[in-house]
Amino acid sequence: MNPSILSMLVFLTVLSAIPVEAFEDKINIVEQLAINKAKTNMAAVLESLTYITEENPPASYMNNGKVQGVAVDLLKEILGELGISNQEVILVPWARAYYYLLNQDNIVLFSISKTKERVDKFKWACPISITSYSLIAKKKSNITISDIKDLEKYV
């Protein structure tokens with residue numbers, strides 16, 4: 687028998703006689719080291735990105751010179767979990783934010799609606815909210831909408 691195979695069999699035989707509990711602490715330490723390394727690598731990448739948003743209360747808005755809102759809070763919470771505490775968020779008009787996203791590297795635009803037209807253009811992280819829209823009119827207005835094109839005469 688090949689000596690390396692024989693030594694592997696001896697090693698496995700010895701391991702099988704040792705209770706798993708004897709390795710738990712070492713396994714936990716290795717797992718934690720792997721998690722910490724992954725977080726460090728992820729943090730370095732995330733810190734290199736530029737985060738931009740638009741005025742869209744309550745998701746994001748300017749208040750006393752600071753960008754705030756529920757989307758901003760969520761981003762900061764996620765970054766905080768990775769040890770990033772002072773990441774700048776830039777608030778710009780929508781057209782400029784979208785232009786930057788299309789034409790510059792390392793841009794994160796949040797919060798942006800995921801539409802059919804946009805889905806293949808960008809890398810999407812995760813939904814942070816679900817939005818639905820409704821059209822309401824007084825009954826006596828006699829508005830009839832049977833097709834999306836019917837909306838054009840009301841815009």
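Following the numbering used here, the numbering of the sequence shown begins with 687 at its first residue and continues without gaps. Glycine included, each C-beta is placed from N, C-alpha and C at the ideal position. If you're wondering where the values come from, they're calculated on a predicted model, not measured in any experiment.
Close Cβ partners of residue i (< 8 Å) along its chain, the five nearest in sequence each way excluded
i: Tyr747; result: Glu741, Val753, Gln754, Gly755 and Leu777
i: Asn792; result: Ser734, Leu735 and Thr736
i: Lys800; result: Trp810 and Pro813
i: Leu732; result: Leu765, Leu768, Ile770 and Gln773
i: Asp836; result: Thr830
i: Asp759; result: none
Rounded C-alpha distance that separates residue i from residue j
i: Ile721; j: Ile715; result: 10 Å
i: Leu795; j: Thr726; result: 23 Å
i: Gln773; j: Leu821; result: 39 Å
i: Arg804; j: Leu768; result: 28 Å
i: Leu719; j: Gly766; result: 19 Å
i: Lys723; j: Ile764; result: 17 Å
i: Tyr840; j: Thr817; result: 22 Å
i: Asp806; j: Leu788; result: 12 Å
i: Val775; j: Gly751; result: 12 Å
i: Ala781; j: Glu838; result: 23 Å
i: Asn749; j: Leu761; result: 17 Å
i: Val696; j: Glu717; result: Confidence is the limiting factor: at Val696 the pLDDT is only 45, short of 50, which leaves the residue's position unreliable and the question unanswerable from this model.
i: Lys825; j: Tyr786; result: 44 Å
As assigned by DSSP and simplified to three states, the class of residue i
i: Asn828; result: coil
i: Tyr819; result: coil
i: Lys807; result: coil
i: Asn789; result: helix
i: Asn760; result: This sequence places Leu at residue 760; Asn is not what is there. DSSP places Leu760 in helix when its eight states are reduced to three.
i: Leu768; result: coil
i: Lys839; result: helix
i: Val834; result: Reading off the sequence shown, one finds Ile at residue 834, where the question assumed Val. The answer is helix: DSSP assigns Ile834 an H, G or I state.
Which residues DSSP lists as bridging residue i, in chain order
i: Val794; result: Tyr737
i: Tyr747; result: Gln754
i: Ile776; result: Ile738
Own chain partners of residue i with C-beta closer than 7 Å, once the 5 adjacent residues on each side are dropped
i: Pro779; result: Glu740
i: Thr699; result: Unreliable placement is indicated for Thr699, whose pLDDT of 45 sits below 50; no coordinate value is reported for it.
i: Asn688; result: Its pLDDT being 48, under 50, Asn688 is placed unreliably by the model, and nothing is read from it.
i: Asp833; result: none
i: Ala757; result: Thr739, Ala745, Ser746, Phe796, Ser797 and Ile814
i: Ala729; result: Leu768, Gly769 and Ile770
i: Pro743; result: Gly755
Give the list of continuous beta strand (DSSP E) stretches no shorter than 3 residues that lie fully inside the segment 715-745.
736-739
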